[in-house]
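Worksheet: the structure to be examined is printed underneath.
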Amino acid sequence: MIVDTWVIFILGIMIIGSIAAIEQKEMLSAIITVGIVGLGTSLIFLFLQAPDLAIVQFLFEIFAIIILVRAFIKPDYHKSEPSIMNKIVTVLTVLVLVAILFCSIDMLKALPEFGNPSMETSKYYVDNANAAKETHSANIVTSIILDYRAYDTLGEATVLFTAILGTITILRIKTKKRKSEEAIE
Amino acid sequence: MKQSDGMTVIVKTITRMSVWLIILYGIYIILHGHLTPGGGFAGGVIIALAFLNVMLAYGRKYTEQWLNVRIMYDLVSTGAILFLIIGIFGIALKGSFLANILDLGELFKLESAGVIPIIDIFIGVIVSMGLFVMVWTLAVFHLEDGGEE
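Chains A and B are the protein sequences, given in the same order. First residue of the first sequence? That's 885 in our numbering, and the numbers climb one at a time after it. First residue of the second sequence? That's 1119 in our numbering, and the numbers climb one at a time after it.
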């Protein structure tokens, strides 16, 4: 019950933070205010007893803020005023989202109670400490992501690797082109 | 030293004192991934952020002398390939991809859980070098695009 109250409190702060980020006039303060959402998510993970996720979420939030600051802090960045068409589209989007939420109330009620998963596999890992017995890893989360589900982790590493490869390839082509143009001139 | 070459002397001094501690903490998180919360991803991001800290505080030119960025490109690929090779060894020795091929050892000891800490180290190398190289490439491109530094 106490955890529920804290989670709702942090969710409220996150909603207020995201609204404040939209209303900021300065780009830098807007980016820093966006950080409230990520750090709130990290706190929620901590309250739900998932420290592994909380650490990763916290660090990636800092990383994302650094990249955003590097990317968007430019003197010539101008803010465009929203047109009437934009406002109409925004109102329509909010209405559709509210309608979807309203229609899915029955489905949300049918979900299993929070913290009581009915999955057989997760029961197998936790009950009788099967994961610790079979892999001899004291941290059950690590034993799952690097032993039982190591194939998923390989996919995750491949996603990261491909992102790096794409960044380097695209940016290097442009740099090379510029150098050859300079050589011609 | 010009003002445009990195940040103020306060930031530089703090960075000089703290960067090795941050890197050490990242290595600790990676090596104890199977005992305490954390692991390859978290420790890798900590190390990448330590390098980024140096890059932001001291500027691009100093970091280029301090770190060998070319080797980092190769380390990312090496980590990914070694991860795959361990998986193939699992097929060869135990009959399934990424099987735990080493001795499991004693619970709660640092050298336990067989192949898990080794995969953790490889993931740490991929994440730490990869994220830093990504931001580095973006920064270099920004500079050669005629932007200010």
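Beta carbons are placed, not taken as given, at the ideal position from N, Cα and C, and that holds for glycine. Fair warning: this is a prediction, and the values are worked out from it, not measured in the lab.
Item                                                                                                                           : Value
T925/A at chain B interface by Cβ criterion, 8 Å                                                                               : no
Range of the contiguous alpha helix (DSSP H) that encloses R1134/B                                                             : 1127–1149
Rounded C-alpha distance that separates L1200/B from T1005/A                                                                   : 29 Å
Neighbour flag for S1230/B against chain A, beta carbons, 8 Å                                                                  : yes
Residues that F947/A contacts on chain B, provided the C-beta gap is smaller than 9 Å                                          : V1163, A1166, L1167, L1170, L1249, V1253
Short CB-CB distance (under 8 Å) between A1175/B and chain A                                                                   : no
Assigned secondary structure, D1192/B (DSSP; H/G/I helix, E/B strand, else coil)                                               : helix
Residues of the stretch 1026–1037 of chain A whose Cβ lies closer than 8 Å to any Cβ of chain B, in chain order                : T1026, S1027, I1029, L1030, D1031, A1034, Y1035, T1037
Helix, strand or coil at Q908/A according to DSSP, with G and I counted as helix                                               : coil
Inter-stretch contact at 8 Å, needing at least 3 Cβ pairs: the stretch 1143–1158 of chain B / the stretch 1019–1027 of chain A : yes
DSSP three-state assignment for K971/A, whether helix, strand or coil                                                          : helix
Inter-residue Cα distance where the pair is Q1183/B and A1166/B                                                                : 17 Å
F944/A vs M911/A beta-carbon contact at 8 Å                                                                                    : no
Simplified DSSP state of R1178/B, which is helix, strand or coil                                                               : helix
Cross-chain neighbours of I1244/B in chain A, by beta carbon under 8 Å                                                         : A1041, L1044, F1045
For T1154/B, three-class secondary structure by DSSP                                                                           : coil
Any 3 or more C-beta pairs closer than 8 Å across the stretch 1187–1196 of chain B and the stretch 1244–1259 of chain B        : yes
Given 8 Å, three or more beta-carbon pairs between the stretch 1008–1015 of chain A and the stretch 1211–1220 of chain B       : no
CB contact check: V1129/B to chain A, cutoff 8 Å                                                                               : no
Proximal chain B residues relative to L943/A, where beta-carbon distance stays under 8 Å                                       : A1160, V1163, I1164, L1167
Exposure label - Q1121/B; buried when at least 16 CB within 10 Å                                                               : In this predicted model, Q1121/B has a pLDDT of only 44, less than 50, meaning its place in the structure is not dependable; the value taken from the coordinates is given anyway. So Q1121/B ends up on the exposed side.
Local Cβ density within 10 Å of S988/A, reported as buried at 16 or more and exposed below that                                : exposed
Beta-carbon spacing of T1037/A, A1231/B below 8 Å                                                                              : no
The stretch 936–952 of chain A touching the stretch 1167–1179 of chain B, judged by at least three CB pairs closer than 8 Å    : yes
Per-residue contacts from T1005/A into chain B (C-beta, under 7 Å)                                                             : The contacting residues do not exist; T1005/A stays about 17 Å from chain B at best.
Delimiting residues of the alpha helix (DSSP H) encompassing K1017/A                                                           : 1014–1019
Endpoints, the alpha helix (DSSP H) within which M991/A is located                                                             : 989–994
Under 8 Å from the C-beta of V1194/B: neighbouring residues of chain A                                                         : F1045, I1048
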